[in-house]
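Report on one structure; see the data block that follows.
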Amino acid sequence: MKRGNVSSRETKVKPDPIIIRARVNDTKPEPVRVLRSTQVPEVGDRFQGVPTRHGTKNTFQKTLRVLDIKDDNGLKLFICTTA
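Going by this note's numbering, the residue at position 4 of the sequence shown is 4; the numbering climbs one at a time, nothing skipped.
As structure tokens, then:
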């Protein structure tokens, strides 16, 4: 039996994952899910990320650093390197 107020458990919802399009170490751009962050990274920021091709497995997570943000046909392209 779970303890606590039922209404407090129902109001807790997970935020949508932040998925950015990133080019890591001069590879092809691919979608990367940002971990442990509530906002999109800026230039110079470091963040934990995992490519979406690995699904929900966080075992392939890497620490990435944003070097530049480019506008590619209306989409933001994050140029990153492993930190």
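Note that beta-carbon positions come from the ideal geometry of N, C-alpha and C, so glycine has one too.
Does the Cβ of proline 17 have 16 or more other Cβ atoms within 10 Å, making it buried, or fewer, making it exposed? Flag for proline 17 reads exposed.
Name the residue from Val13, Thr27, Lys12 whose alpha carbon lies nearest to the alpha carbon of threonine 82. Cα-wise, what sits closest to threonine 82 is Thr27.
Check whether the Cβ atoms of valine 50 and arginine 65 lie closer than 9 Å to each other. Taking the C-beta atoms as reference points, arginine 65 is found no nearer than 9 Å to valine 50.
Quick check on the DSSP output: the beta strand (DSSP E) that includes proline 17 runs from which residue to which? For proline 17, there is no enclosing beta strand (DSSP E), since its DSSP letter is neither H nor E.
According to DSSP, which residues form a beta bridge with leucine 77? According to DSSP, which records beta bridges pairwise, leucine 77 is partnered with Arg21, Lys70.
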